[in-house]
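Here the structure comes first, spelled out in structure tokens, and everything after it is commentary.
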Amino acid sequence: MTQRTARAFVVVRPGVGEVRGVPVAEPGPDDVLVRTLHSGVSRGTETLVFRGEVPEDQRERMRAPFQRGDLPGPVAYGYLNVGVVEAGPDELLGRTVFCLHPHQTSYVVPASAVVPVPDGVPARRAVLAGAVETAVNALWDAAPLVGDRVTVVGGGMVGCSVTRLLARIPGVDVTLVDVDKERAAVAEALGARFATPGDAEGERDLVVHASATSAGLQTSVDLLADEGTVLELSWYGDREVTVGLGGAFHSRRLRIVASQVGAVAPARRARRSTSDRLALALTLLRDDAFDTLLTGRSPFEELPDVMAALSAGSPALCHTIDYQEA
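Numbering (the UniProt record's numbering), first residue to last: 1 to 326.
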């Protein structure tokens, strides 16, 4: 029998990626064979991986579910994949599904590892499921209330996903803060106000920080009202972060709380699984406003150059990869 193969994006070593052939197992009775339609680059984490900036003591913790190889490389890393089931259980055959799989033209995984994309969610938009799932978990952690004054600092893919979910909560006053003034149009499309760090309004009940910069974290703290909370979504890799905790930080009883999508938020952990959370994220993607986060697209074979450009600072929210011709 001829060995089934696929094409996969691999970080060969820090700063260098290539597309190479990889073997694909024959699907078993409880597996699915998926042909990829689109994948998305999770810019924050994947560019850290591409640059080799994942701390050695965090490499195991930050493994992607279907990662092939080990950090810093060679490694196939990624987790925003949408494709069509070409072999598997009858109820999934022919369905468009989301999977936490790296960038690869086709792959075999357990059927339990894929989640059907709901009707009304275009396949390309569905690659945002990972970011929206992170946003769902963040709001489970933060638990904003009707009428809260909330600011999101950092207008990347995750920050914008949080912004859109906040904007749908009745009575919440939400502002997106970013150093890039071009994010103003994005904020408007998401139903939020926009401000640069120097113009942002203070006295906020909650600030969600997603810029992965020391300056952004400091801005977040500075915008809080007394007894307010910064929810920290950023992952900094091996970079040191400084923030001023002197002055009135202590007397004002301010808080900085980390939120990470690797586990369901404690407030929901007893009643929701990670699968439940991902299915909810996909349902929320019926909202057309999320299309404003899809800011670029490239064919699969160009992914090494795309990743290098994004890692060097090329502007993008979610850059999607198309596989129809791969």
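Heads up, the beta-carbon is just placed ideally off N, CA and C, and yes, glycines get one too. For clarity, every value in this text was computed on a predicted model and none was experimentally measured.
Does the Cβ-Cβ distance between G83 and C99 come in under 9 Å?
Here the question's residue 83 lines up with position 83 in the sequence shown. Here the question's residue 99 lines up with position 99 in the sequence shown. Their beta carbons are under 9 Å apart, which means G83 touches C99 by this criterion.
ask   = Buried or exposed: where does H250 fall if 16 or more other Cβ atoms within 10 Å of its Cβ makes it buried?
value = On the sequence shown, residue 250 is found 250 positions in, with the first residue counted as 1. Its Cβ having fewer than 16 others within 10 Å, H250 is exposed.
Taking 8 Å as the threshold, find out whether the stretch 239-249 comes into contact with the stretch 262-269 through three or more Cβ pairs.
no
- Message: Excluding the 5 residues flanking L293 on each side, which residues of the same chain have their C-beta closer than 8 Å to its C-beta?
- Response: As a working note, residue 293 is residue 293 in the sequence shown. For L293, where only same-chain residues beyond five positions count, the Cβ hits under 8 Å are L128, A131, M157, C160, S161, V186, L317, C318.
With 16 other CB atoms within 10 Å as the buried threshold, where does P299 fall?
-> As a first step, residue 299 is located in the sequence shown; it is residue number 299 there, counting from the start. When all chains shown are included, P299 counts as exposed.
Have a look at V41 and V97 and give me their C-alpha separation to the nearest angstrom. Counting from 1 along the sequence shown, the entry for residue 41 is found at position 41. Counting from 1 along the sequence shown, the entry for residue 97 is found at position 97. The alpha-carbon atoms of V41 and V97 are separated by roughly 17 Å.
**Prompt:** Around the C-beta of G171, are 16 or more other C-beta atoms found within 10 angstroms, so that it is buried, or is it exposed?
**Reply:** For this step, residue 171 is matched to residue 171 along the sequence shown. Flag for G171 reads exposed.
May I have the straight-line CA-CA distance separating P55 from Y79, to the nearest angstrom?
Residue 55 sits at position 55 when you count from the first residue of the sequence shown. Residue 79 sits at position 79 when you count from the first residue of the sequence shown. About 20 Å.
Q. In whole angstroms, what is the alpha-carbon distance linking E53 and G237?
A. The sequence position of residue 53 within the sequence shown is 53, counting from 1. The sequence position of residue 237 within the sequence shown is 237, counting from 1. Going by the C-alpha atoms only, they are around 6 Å apart.
Notebook entry, point to check: So is R168 buried or exposed if we call it buried at 16+ other beta carbons inside 10 Å?
Noted result: The count along the sequence shown starts at 1 and reaches residue 168 at position 168. By the 10 Å Cβ count, R168 comes out exposed.
task: Would you be able to state if there are at least three C-beta pairs under 8 Å between the stretch 106-123 and the stretch 219-231?
output: no
Worksheet item: Assuming N137 and S259 make a contact with CB atoms under 8 Å, what is their CB distance in whole Å?
Response: Position 137 of the sequence shown, counted from the start, is the residue given in the question as residue 137. Position 259 of the sequence shown, counted from the start, is the residue given in the question as residue 259. With a Cβ gap of about 7 Å, N137 and S259 count as contacting.
*asked:* Rounded to whole angstroms, what is the Cα-Cα separation between E133 and F290?
replied: Reading the sequence shown from its first residue, position 133 is the one you call residue 133. Reading the sequence shown from its first residue, position 290 is the one you call residue 290. Between the alpha carbons of E133 and F290 lies a distance of about 13 Å.
| query | When we look at the beta-carbon of Q104 and count the other beta-carbons within 10 Å, is it buried (16 or more) or exposed? | reply | If you number the sequence shown from 1, residue 104 lands on position 104. The residue is buried, with at least 16 neighbouring Cβ atoms inside 10 Å.
request  = Express the C-alpha separation of P304 and A326 in angstroms, rounding to a whole number.
outcome  = Taking the first residue of the sequence shown as position 1, residue 326 is located at position 326. Taking the first residue of the sequence shown as position 1, residue 304 is located at position 304. Only weak support is given to the placement of A326: the predicted model assigns it a pLDDT of 49, under 50, and the value that follows is read from those uncertain coordinates. The alpha-carbon atoms of A326 and P304 are separated by roughly 14 Å.
(message) Going by C-alpha to C-alpha distance, which of H38, V10, A113, D90 sits closest to L278?
(response) Taking the sequence shown and counting its residues from 1, the one referred to as residue 278 is at position 278. Taking only the C-alpha atoms, the option nearest L278 is A113.
(Q) Just to confirm the assignment, what range does the alpha helix (DSSP H) spanning P304 have? (A) In the sequence shown, the residue the question calls residue 304 occupies position 304. 303-311 is the span of the alpha helix (DSSP H), which, as asked, contains P304.
Item checked: Distance between beta carbons of V22 and A6, contact taken as under 8 Å -> Taking the sequence shown and counting its residues from 1, one reaches residue 6 at position 6. Taking the sequence shown and counting its residues from 1, one reaches residue 22 at position 22. A6 to V22, Cβ: 6 Å. Contact.
Legend entry - T196: first and last residue of the uninterrupted alpha helix (DSSP H) it sits in: If you number the sequence shown from 1, residue 196 lands on position 196. Segment: none, T196 is in no alpha helix (DSSP H) and carries neither H nor E.
Report task. Could you check how far apart the C-beta atoms of G44 and A212 are, in whole angstroms? I think they sit under 8 Å. Result -> Position 44 of the sequence shown, counted from the start, is the residue given in the question as residue 44. Position 212 of the sequence shown, counted from the start, is the residue given in the question as residue 212. Between A212 and G44 the Cβ distance is about 6 Å, and since that is below 8 Å, they are a contact.
message = Would you call the stretch 134-154 in contact with the stretch 174-189, where contact means no fewer than 3 C-beta pairs closer than 8 Å?
response = yes
- Check the C-beta distance from R297 over to T320 and give it rounded, since I have them as a contact under 8 Å. As a working mapping, residue 297 is identified with position 297 in the sequence shown. As a working mapping, residue 320 is identified with position 320 in the sequence shown. Contact holds; Cβ gap of about 5 Å.
_Within 9 Å, strictly: CB atoms of L224 and E203_ = Here residue 224 refers to the residue found at position 224 when the sequence shown is read from its first residue. Here residue 203 refers to the residue found at position 203 when the sequence shown is read from its first residue. Taking 9 Å as the Cβ cut-off, L224 and E203 qualify as a contacting pair.
Taking the beta carbon of P27 as the centre, do at least 16 other beta carbons fall within 10 Å, making it buried, or is it exposed? As a working note, residue 27 is residue 27 in the sequence shown. Buried.
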